[in-house]
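Notes follow once the structure below has been shown.
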Amino acid sequence: VMTCNHGQSELLMNFVCSSRAKGFDLSNVLLFPTDVETKELAEGLGLTTFYEEKLMASIPKKEAGVYGDTTFTKVMFAKIVCVQLVNELGFDVL
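Counting in this note's numbering, the sequence shown runs from 22 upward without gaps.
This is the structure in structure tokens:
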């Protein structure tokens, strides 16, 4: 389970390309994109996504300026909530 905003999209592309180059199967990856642009990018990379605009409306698209700033905090909270949602559905993400 992953969460990504548009500001982190280069890191997402790097993760996918690097994983594939090493032969990792990404079919079990579920990405919660925080914006439509990242959703389209992730699906173009072959990842499974779940996007709900109402759920992600308050998450900024831009990258964090510095560790711990408001953008960083909101994105980190989204990352925690997305894992919690999957856990509540009864899936083991470990």
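C-beta: ideal position from N, C-alpha, C; glycine also.
Distance, residue j Cα to residue i Cα
| i | j | result |
| --- | --- | --- |
| Gly-89 | Ser-30 | 19 Å |
| Val-107 | Val-114 | 8 Å |
| Asp-56 | Ser-39 | 23 Å |
| Leu-66 | Phe-93 | 24 Å |
| Gly-44 | Glu-109 | 30 Å |
| Gly-86 | Met-97 | 14 Å |
| Gly-111 | Val-50 | 16 Å |
| Leu-52 | Pro-81 | 16 Å |
Spatial neighbours of residue i in its chain, beta-carbon cut-off 7 Å, leaving aside the 5 residues before and after
| i | result |
| --- | --- |
| Pro-54 | Cys-25, Lys-60, Ala-63, Thr-70, Tyr-72 |
Beta-carbon spacing of residue i, residue j below 8 Å
| i | j | result |
| --- | --- | --- |
| Glu-58 | His-27 | yes |
| Lys-95 | Ser-79 | yes |
| Leu-68 | Val-102 | no |
Residue environment, residue i, which counts as buried when at least 16 other CB atoms sit within 10 Å
| i | result |
| --- | --- |
| Leu-32 | exposed |
| Met-77 | buried |
Any non-hydrogen atom of the ligand ADP closer than 7 Å to residue i Cβ
| i | result |
| --- | --- |
| Asn-49 | No copy of the ligand ADP appears in this structure; indeed no ligand is present at all. |
Contacts around residue i, its chain only, beta-carbon distance under 8 Å, and the 5 residues preceding and following it disregarded
| i | result |
| --- | --- |
| Val-104 | Val-22, Val-114 |
| Arg-41 | Leu-47 |
| Lys-83 | Asn-26, His-27, Gly-28, Thr-92 |
| Met-34 | Leu-62, Leu-66 |
Cross-strand partners of residue i (DSSP beta bridge)
| i | result |
| --- | --- |
| Leu-52 | Met-23, Thr-70 |
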